[in-house]
Structure formats: C-alpha cells, structure tokens
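These notes concern the structure reproduced below.
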Amino acid sequence: MLKNCKKGTVRLWDLRQKHASHCINLPKLKHATLVKEEEQNDVKDEITSVLFHPCRRTALQQDSSNHNCRIYVSTLSKKVYHYDVRKTSSSSCHNQLNDNNVTATEKFTPPKRRDYTSQFGTIMDDINQISLQPLLQPFESNNGAGLLLLSTADDDGDIRIIETLNDYNYADNKNHQQRAVASTGGKALSKKNAKGKGGSNKKTRKKGQQQEQQRRAYDGCRVLRHAGASTLSSEEKKEQVALVTSAVFRPPPPSQTKGGHNRYYEIASGGTDCAVHLWDATRPKQPCSSYQVEQSLNEGGGGQVCNPPMVQGLSWSKSGRILATGLGDGTILLLRVNRHRNLIASGRLGCNDNARNGHTNGHNSCAVGCVHFPQFFASTLDESSISSCYGDRLLVTGGNDGMILLWDLGKNAIEGVEANGNDFCEESMLDPRSLFQNESDNDDNSIEENDNNAEITNNIDKSIEAETARVSLFDEEIKSMPNSPLNIDMLPQPSVIYSINHEKKPNWLCTSTFFRSTATGGSGTMKIINKSKDCSLYDNSRIIPPTLFVADTSNNITLYNLSI
Numbered sequence: 001m002l003k004n005c006k007k008g009t010v011r012l013w014d015l016r017q018k019h020a021s022h023c024i025n026l027p028k029l030k031h032a033t034l035v036k037e038e039e040q041n042d043v044k045d046e047i048t049s050v051l052f053h054p055c056r057r058t059a060l061q062q063d064s065s066n067h068n069c070r071i072y073v074s075t076l077s078k079k080v081y082h083y084d085v086r087k088t089s090s091s092s093c094h095n096q097l098n099d100n101n102v103t104a105t106e107k108f109t110p111p112k113r114r115d116y117t118s119q120f121g122t123i124m125d126d127i128n129q130i131s132l133q134p135l136l137q138p139f140e141s142n143n144g145a146g147l148l149l150l151s152t153a154d155d156d157g158d159i160r161i162i163e164t165l166n167d168y169n170y171a172d173n174k175n176h177q178q179r180a181v182a183s184t185g186g187k188a189l190s191k192k193n194a195k196g197k198g199g200s201n202k203k204t205r206k207k208g209q210q211q212e213q214q215r216r217a218y219d220g221c222r223v224l225r226h227a228g229a230s231t232l233s234s235e236e237k238k239e240q241v242a243l244v245t246s247a248v249f250r251p252p253p254p255s256q257t258k259g260g261h262n263r264y265y266e267i268a269s270g271g272t273d274c275a276v277h278l279w280d281a282t283r284p285k286q287p288c289s290s291y292q293v294e295q296s297l298n299e300g301g302g303g304q305v306c307n308p309p310m311v312q313g314l315s316w317s318k319s320g321r322i323l324a325t326g327l328g329d330g331t332i333l334l335l336r337v338n339r340h341r342n343l344i345a346s347g348r349l350g351c352n353d354n355a356r357n358g359h360t361n362g363h364n365s366c367a368v369g370c371v372h373f374p375q376f377f378a379s380t381l382d383e384s385s386i387s388s389c390y391g392d393r394l395l396v397t398g399g400n401d402g403m404i405l406l407w408d409l410g411k412n413a414i415e416g417v418e419a420n421g422n423d424f425c426e427e428s429m430l431d432p433r434s435l436f437q438n439e440s441d442n443d444d445n446s447i448e449e450n451d452n453n454a455e456i457t458n459n460i461d462k463s464i465e466a467e468t469a470r471v472s473l474f475d476e477e478i479k480s481m482p483n484s485p486l487n488i489d490m491l492p493q494p495s496v497i498y499s500i501n502h503e504k505k506p507n508w509l510c511t512s513t514f515f516r517s518t519a520t521g522g523s524g525t526m527k528i529i530n531k532s533k534d535c536s537l538y539d540n541s542r543i544i545p546p547t548l549f550v551a552d553t554s555n556n557i558t559l560y561n562l563s564i
C-alpha cells in the first residue's frame, strides 16, 4: 500500500509487517518563499497525489514483472517525480531512503528518481491529481517496454498529458530512439540511421507513419483546457475560470479490437464548473463530448445554493463503460459512453427514496468527494475475468458526512450499453449482492488462517472488530435470495448493500483484490475463501480478504473487512 505522508515523504507499507517497508524523502525546496535563509534547508515539499505503476498483470502471476514497484508522485510545488523502488537495496525495512543525504556507510541504495516537470512545461497552479495509462504498442520488446501516458490536473483548469517510455531501463538505452520510431512517426531517428544507405530509412519511416495514421504523434506536452471547453464565446472563455478537481484515463478494452485503440487516449475531466468532459488526447482543442450537471431538486422544490453540483471525483469502471461522478450536492451521477463517444446520463444516486437518499439528509446535502469502483472479485488470472463483469455494478462512495456506502447500481447502470466484441460481459447481468454471502465451512479446498500471521495494526486507532461492527448488512434481503445468482431478479433501481458510519470525512478510498474462485497459481490450484472477520493474512496466498481502505482527516488509515 502506498501512502503520502506529511513533511514530504512517501511510505510504502507491507501489510504483512507492522511498519513501513520503505520511506522516500522528496527533494528539499531550493527557493522557498517566506522562509528565512538559514531555514530553507529544512523546508520540504508537500505531496498532492501518489500512484503505483499501472501493472496490467494480476496479483497471483509469478512473472508479474516489476512495474508495480515504481511510484509516481506530484507535489505542491508543481513537480512530478518517478521513483524506481526496484533499484533500492536495503538490509532493514526501517531505513529511510533519502536521495539527497546518502553516505557511504549506509547499507542501502536510494531509489532512482526521474523528474518529469520540465516535460509538462509551465504548470501555473497546484496539481490536484495525476493519472497513468499504459499503451500496448506493436513495437514492444520482450522486457515490456512501450509508451506510457502521464497526465496532471491542476487548479488553473488545465489537463497536461505527456508520453514517456514505459520501462525505466528502456529509457536509459542508447538505442531507444531507434526502437521507439513507431511512436513518433519516424521523426525520432538518429543521425546515424538518417545517413544509412539503401531504403531502410524510408521503409522505417513509412511503417511509422502507417502506425500513426490513427494516432497523432506527441510533440511535447498536450494541454487540454477544461475551463474553455464549453460552448461559449471566445470572450466568455477567457473570463471563465474552473479548477480541474479530477482527470482519469478511460480503461482500455480487454482485447484489441478494430477501432478500439483510440480508447487508450480517452480521458475524462471534471471541475468546479459543474461539467464533465470526455477528451481524445490526440485532439486537444475540443472535447469529444461534454455533460453539464444540473442542480438536483430537493423535497422543497428548489435547487441548492450553498452546495452546487461541482465535480469532486471521477472513477471509471474496469470495463470503461460507466463513469461515476461524485458531486458537491451529495449525489452521484452515472454516465455511460456510447460508440460515438457521447456522455449519456444513466442515473443519479441520492435523489429518491429507492436509493435511500445516499449522502443526502433532507434539505442538507454533503458533498461526495470519493467514488471508487472496487475490484473485489476475480475468477481467473485473465484480466477479462468476472471482476470486470461485477465491476460495472459495484460502487463505493464516501461523503463529507462520514458515510461510506457500497452500492449495487442495478440493471439501469448497464442498460443501453452497447457491446463491442469482448467489451461486453453477459455475467454483468448477475446480482452482485449474491456474492456477499458466507461460503460453507465444510470446504476442503479452503485455506485456513494462520494464527501466527502478523496483524495489521499500523496507524489504525481502533480494532478491526469494532470497525466491522459498524457495518450494517441487509440480512433480510440477503437471506431471501436463492443460492444460485442466475435465478435472482434484477433490481430496477440502485440500492445500498453496505452502509458504514465512519464519522470522519474520508479523503481517499481503495479496495483490495480478492480471488474467490479457483485460480491456478505458481503452487497449483487453490481456492481462497474468507471465513472470519479478522484481518489476518492467508499464509499461502499472501492476499488479504476483501478489504476497504479509508484515509480520513486524521492521521489514521482504517481497514474495513467486508463479509463476503
């Protein structure tokens, strides 16, 4: 688990231990304002967003590469760094890795750092979020090298996108320009190749141009102007100011289909102008589609003035068909994308009694700052598993009122979604509430917990049992369901499966990946089943049960073990 801490540090937590395995200190600010000269050396930068490398492989694969050991960090000083933890060798997990103060007597190597700030150009305001998107290029080598899209969303209303090489060692290769010729349409050829004899240079350039026919090459940084994307006059666009609170790439299709490669460059943005835009990064001037969020009407018949529906957070489902939007008026807007890349409203949670009012409470509403599509379930090692099917219907939201809700979006969430080859899963019509049932204890293939496993007690103020007791499960609805999920009638409206009173405002939500069905791993076939409510780890699988991680306004990270 990756966590950004105070005083400019990034901590990498190993949940099997009782302490952080790595602590990375960011570079100190050289030109600190409003600070005395003798105190400038002690000023550290603040972190606004952290991300793991988007590894495309599952957790149980042995050859999962080392992409998940690379970290991307954005800071308050408008800088973006990349740390390669694979380059770190430490004899103790208590060592604090500082790439500026390293002595010869220390028994560890600091992580390799790369600064992407210069590639983004001049960032005018604070960075709110960074997002990553790996590209499946035909020129990828065996070591997984390729291209990676890296974006920033700032308070100036801009989304900046750059292309970088996927593998860090690959960037240090002297011949990387020759191998990446397909990504630049033949413009990245070295002088040696340009002077080569014969027609090899022309053939290579022609091949690169063909591969770039559907995707324009990146010449530096692409800037998407969220504030001026609406249909306004040129004078109104100059005066309009909107903060980009969230910008996330749309997940690519599970398999390469005809015309589906453009999805790698699609990114959704939302801001304080109450608008959601879907962009094609190869065409940065205008968005592909826009949706203006309207104010929801309360029981009194009037719109809210104090809490306008500003976009607080965005989250894509794993299939990339549903976009969840957390709004400032306490509602959650569901948008779907058709084949013409138009944003179409699929529903709005928290506006009626069937949705149990969500995060609204009468005439007073609390903003929904966290939306997240969990990936609790997986049946095979293939990414196109059942997790992508149920992933379109399960949604976790967190509001400023301290309530955390696990939603079943129901049939309406996927109604009207068009199927394109393997981008459609028939099992998405199943009811995910059927999965929230305890399996039989008489299962020979189940893995028993080891009492000697280390308990997860880092930065948790309260015990897991006390936190789990707050989870209110609708037992009557679950017991009335048959054992087979195929016979369950679809719910016409969204409903709440879990309701957690966290009491404090959540700033960040994340879920673990849980392999429920039979999976073939390195040690053979195994079946992982959650049979207890504690947070101990399975000895053989090294995977925690279905868990919800919550970071709130305090210094603690709370773990909720969900009963599945």
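Quick note: the sequence shown uses UniProt numbering, first residue 1, plus one each step. Beta carbons: idealized from backbone N, C-alpha and C, even for Gly.
How would you call residue i, buried or exposed, if buried means at least 16 neighbouring beta carbons within 10 angstroms?
| i | result |
| --- | --- |
| VAL10 | buried |
| GLN133 | buried |
| LEU562 | buried |
| GLN312 | buried |
| ASP125 | exposed |
| CYS306 | exposed |
| HIS277 | buried |
| ARG283 | exposed |
| LYS285 | exposed |
| residue 591 | Because the chain in this structure spans residues 1 to 564, residue 591 falls outside the shown range and cannot be described. |
| GLY220 | exposed |
| HIS19 | exposed |
| GLU294 | exposed |
| SER118 | exposed |
| residue 567 | Outside the shown range of the chain (1 to 564) lies residue 567, about which nothing can therefore be said. |
| GLY186 | At GLY186 the pLDDT is 39, less than 50, meaning the model places this residue with poor confidence and gives no usable figure here. |
Shortest alpha-carbon distance to residue i belongs to which of the options?
| i | options | result |
| --- | --- | --- |
| VAL368 | ASP329, SER77 and LEU149 | ASP329 |
| THR48 | THR152, SER21 and TYR116 | THR152 |
| SER21 | LEU2, LYS28 and LYS7 | LEU2 |
| LEU26 | HIS53, LEU559, ASP14 and ASN4 | ASN4 |
| LYS318 | ILE557, ARG263 and ALA242 | ARG263 |
| LYS7 | ARG16, TRP13 and ILE24 | ILE24 |
| VAL248 | TYR72, ASP280, LEU314 and GLY271 | LEU314 |
| MET128 | LEU147, ARG160 and LEU149 | The sequence as given places Asn at residue 128; Met does not occur at that position. Here the closest residue by C-alpha is ARG160. |
| ALA345 | CYS370, SER290, VAL371 and MET310 | SER290 |
| LEU349 | VAL337, GLN292, GLY220 and GLY410 | GLY410 |
| LEU12 | LEU224, ASP45, GLU163 and VAL73 | VAL73 |
| LEU509 | VAL371, ILE71 and GLN119 | VAL371 |
| LEU148 | TYR498, TYR265 and ASP156 | TYR265 |
| ARG222 | ILE123, ALA242, CYS274 and PRO252 | ILE123 |
| CYS69 | PRO54, PHE373, VAL80 and ARG86 | ARG86 |
| residue 618 | THR511, PRO546 and PRO506 | Residue 618 cannot be examined here, being either before or after the span of the chain that is shown, 1 to 564. |
| ALA242 | ILE497, ASP156 and ARG393 | ASP156 |
| PHE373 | PRO54, MET403, TRP279 and LEU323 | LEU323 |
| MET403 | LEU335, VAL496 and LEU334 | VAL496 |
Alpha carbon to alpha carbon, how far is residue j from residue i? Give it in angstroms, no decimals.
| i | j | result |
| --- | --- | --- |
| ARG114 | TYR83 | 7 Å |
| residue 566 | TYR116 | Shown here, the chain extends from 1 to 564; a query on residue 566 therefore has no answer. |
| GLY326 | SER554 | 22 Å |
| GLU503 | PHE549 | 15 Å |
| PRO308 | GLY399 | 15 Å |
| GLY121 | THR245 | 20 Å |
| CYS366 | ASP401 | 6 Å |
| THR331 | SER77 | 32 Å |
| ARG341 | CYS288 | 7 Å |
| ARG339 | ARG321 | 10 Å |
| LEU343 | ASP158 | 20 Å |
| ARG225 | ILE162 | 15 Å |
| GLY271 | THR164 | 26 Å |
| GLN292 | MET310 | 10 Å |
| ILE130 | ALA268 | 12 Å |
| PRO494 | ASP45 | 43 Å |
| THR75 | PHE52 | 15 Å |
| ALA275 | PRO110 | 43 Å |
| LEU392 | GLY347 | Residue identity differs from the one stated: residue 392 is Asp in this sequence, not Leu. Going from the Cα of ASP392 to the Cα of GLY347 covers about 13 Å. |
| PRO252 | ASP408 | 23 Å |
| VAL396 | LYS112 | 35 Å |
Exercise for the section: Could I get the ranges of all uninterrupted beta strand (DSSP E) runs contained in the stretch 265 to 334, with 3 residues as the minimum, in chain order? Expected result: 266 to 271, 275 to 280, 289 to 292, 311 to 316 and 322 to 327
Handout entry: Entirely enclosed beta strand (DSSP E) segments - the UniProt repeat "WD" (393 to 409), minimum 3 residues
Key = Counting only runs of 3 or more, we get 394 to 399 and 403 to 408.
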